[in-house]
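Enquirer:
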Amino acid sequence: MDGIHDLGGMHGFGPVRREASEPKFHARWERRVFGLLNLTLAAGIGNVDQFRHAIERMEPVDYLTAGYYGRWLHAVESLVTENGVATAAELEARRIALAQGAASISSSPSSPMKPPLGRRPMRRAVTVAPRFELGERVLARNVHPAGHTRLPRYVRGKRGVVVEIHPAFVFPDTNAHGQGERPQHLYGVRFDGAELWGPDAEPGVSVAVDLFEDYLDPVEVAG
Amino acid sequence: MSGEHDHGHDHGHDHGPSSPELRAEALESLLAEKGLVDPSRIDDIVHRYEHDVGPMNGARVVARAWVDPEYRSRLLTDANAAIEEIGIDGAQIERLVVRENEPGVHNVVVCTLCSCYPWAVLGLPPSWYKDFAYRSRVVREPRAVLREMGLELEPETEVRVWDSSAEVRYLVLPERPAGTADLDEKALADLVSRDSMIGVARVAPPSPSDV
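Same order as they appear, the protein sequences are chains H and S. Counting in my numbering, the first sequence runs from 1 upward without gaps. Counting in my numbering, the second sequence runs from 1001 upward without gaps.
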């Protein structure tokens, strides 16, 4: 989707601000959300593409103001409600109860089975050969899907060169929507600064983006 | 900002039902009750990323590559195998790719769509890496961004930006600074900063007092 998250090339965000001696988390709830997301995905409640798409679908103002772990919090709520684990009403009732002083988390019996932490692998073996070869000129498609995609706006319709053929991975555009994994080859595609930004590009700059086969077309060779 | 959107992360003292504190607690308590999440495992994961996983891992990789040309070559061709060789658990990174800085070529890493980052070798990303300014600008004006961050590149140096838009994660192998011929691998690793492995800094030579 052409959302607020797709920031590459946008103007107006000002200088890069560094935080001196930055802690890894700024509040206790950020730690909990960090762990919760890892465990939610490890438990098979949604997948990483659903997670990313939940963030992309945030109201733009919320996206810009919630902070990194605030966005994660929103996404974990979405994974839980959209995968039928709990309803929004249940979550709200629990929040109200906690705000009114209900006992916090009951210590759950620790589960004897500990699944591996973190996400499930997204790499897949495919039998088809890569469609494009190293050094080949390719065109990133000028498409604007309303759903999840990892084809950034700033490369759409631009020409680049394949600099790396990665193994095949699950296709985020379908996997985020329960439409299957459709694993396919992934390519590192390098774009010249001038191709992306025109005459105002800084000299001697290129950007390489990892693009799925379905995002690419061959560049017709003239003559 | 209107009141209904006023729930940013700066409002740590807001503990009403819509505060992030209570939203997180409600989620954790419901998921624990349903037997889907064990709260003690949250502690384990947080502890791991606060104490055991961080840029010291990447620094070990870089230092080894500086002292061992064969390791460097393995690292550049199969980084996952190379980090596991020195005991780094790369399970969270399905494909790690290392890009080497050299005279005339400088590499820098970003994720414009979210904040993908090679956790296993660098730990959790700094705020600026996740913020909108870096994500929007470094693909468009990397020289200006690097200059602002204190890294001035020669005009003839080519700048290669890597936007981690899929499941591949990137680590920059920075150039070994001059004046370090006498340092052993451990001392070299101590010099390697997180920022140099993202590509927004050079590795500073040892200060005279360290030598």
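By construction, the Cβ of each residue, glycine as well, lies at the ideal position given by its N, Cα and C atoms.
1. Using 10 angstroms around the beta-carbon of arginine 28(H), count the other beta-carbons present and answer buried if the total reaches 16, otherwise exposed.
2. Does DSSP classify proline 167(H) as helix, strand or coil?
3. Using the Cβ count rule (16 or more neighbours within 10 Å means buried), how would you classify asparagine 175(H)?
4. Using a Cβ cut-off of 8 Å, which residues of the region 30-45 of chain H contact any Cβ in chain S, in chain order?
5. Rounded to whole angstroms, what is the Cα-Cα separation between glutamate 1100(S) and valine 1203(S)?
6. Just the chain S side, please: which residues come within less than 8 Å of histidine 5(H) by C-beta, in chain order?
7. With proline 23(H) as the anchor, note down where its beta strand (DSSP E) starts and where it stops.
8. Is any beta-carbon of chain H found at less than 8 Å from that of proline 1118(S)?
9. Since serine 21(H) meets chain S, which of its residues come closer than 8 Å, beta carbon to beta carbon?
10. How would you list, in chain order, the residues of chain S whose beta-carbon sits under 8 Å from the beta-carbon of serine 206(H)?
11. Are the region 1127-1145 of chain S and the region 12-32 of chain H touching by the rule of at least three beta carbon pairs closer than 8 Å?
12. Go ahead and pull the three-state DSSP assignment for glycine 1104(S).
13. Helix, strand or coil for histidine 185(H) per DSSP?
14. By DSSP, does glycine 198(H) sit in helix, in strand, or in coil?
15. Output the distance between the C-alpha atoms of proline 1155(S) and glutamate 1141(S), rounded to the nearest integer angstrom.
16. Any beta-carbon of chain S closer than 8 Å to the one on proline 15(H)?
17. Quick test of the definition: if touching needs 3 or more C-beta pairs under 8 Å, does the region 164-174 of chain H touch the region 1015-1027 of chain S?
18. Short of 6 Å in beta carbon distance, which residues of its chain neighbour threonine 149(H), apart from the five on each side in sequence? Order them along the chain.
19. Around the C-beta of serine 1040(S), are 16 or more other C-beta atoms found within 10 angstroms, so that it is buried, or is it exposed?
20. Listing by chain order, which chain S residues have their CB less than 9 Å from the CB of glycine 9(H)?
Expert: Straight from the coordinates:
1. Arginine 28(H) counts as exposed, since fewer than 16 other beta carbons sit within 10 angstroms of its beta carbon.
2. In the displayed model, proline 167(H) falls within a strand according to three-state DSSP.
3. Burial state of asparagine 175(H) is buried, judged by a 10 Å Cβ sphere holding 16 or more other Cβ atoms.
4. Correct list: Glu30, Arg31, Arg32, Val33, Phe34, Gly35, Leu36, Asn38, Leu39, Thr40, Ala43 and Ile45.
5. So the alpha carbons of these two residues sit roughly 13 Å apart.
6. Simply Leu1113 and Cys1114.
7. For proline 23(H), no beta strand (DSSP E) segment is defined, and its DSSP state is neither H nor E.
8. False, the Cβ-Cβ gap to chain H never drops below 8 Å.
9. The contacting residues do not exist; serine 21(H) stays about 11 Å from chain S at best.
10. Below the 8 Å Cβ cutoff, chain S contributes Glu1158, Val1159, Arg1160 and Val1161 as neighbours of serine 206(H), in chain order.
11. Yes, they touch.
12. DSSP places glycine 1104(S) in the coil class of the three-state scheme, outside both helix and strand.
13. Residue state, collapsed to three classes: strand.
14. Correct three-state label for glycine 198(H): helix.
15. Approximately 13 Å between the Cα atoms of the pair.
16. Judged by the 8 Å Cβ criterion, proline 15(H) is in contact with chain S.
17. Cβ pair count under 8 Å is below three, so no.
18. So the qualifying residues of the chain are Asp173.
19. Serine 1040(S) comes out exposed.
20. Ordered by position in chain S, the residues that pass the 9 Å Cβ test against glycine 9(H) are Thr1112, Ser1136, Arg1137, Val1139 and Arg1140.
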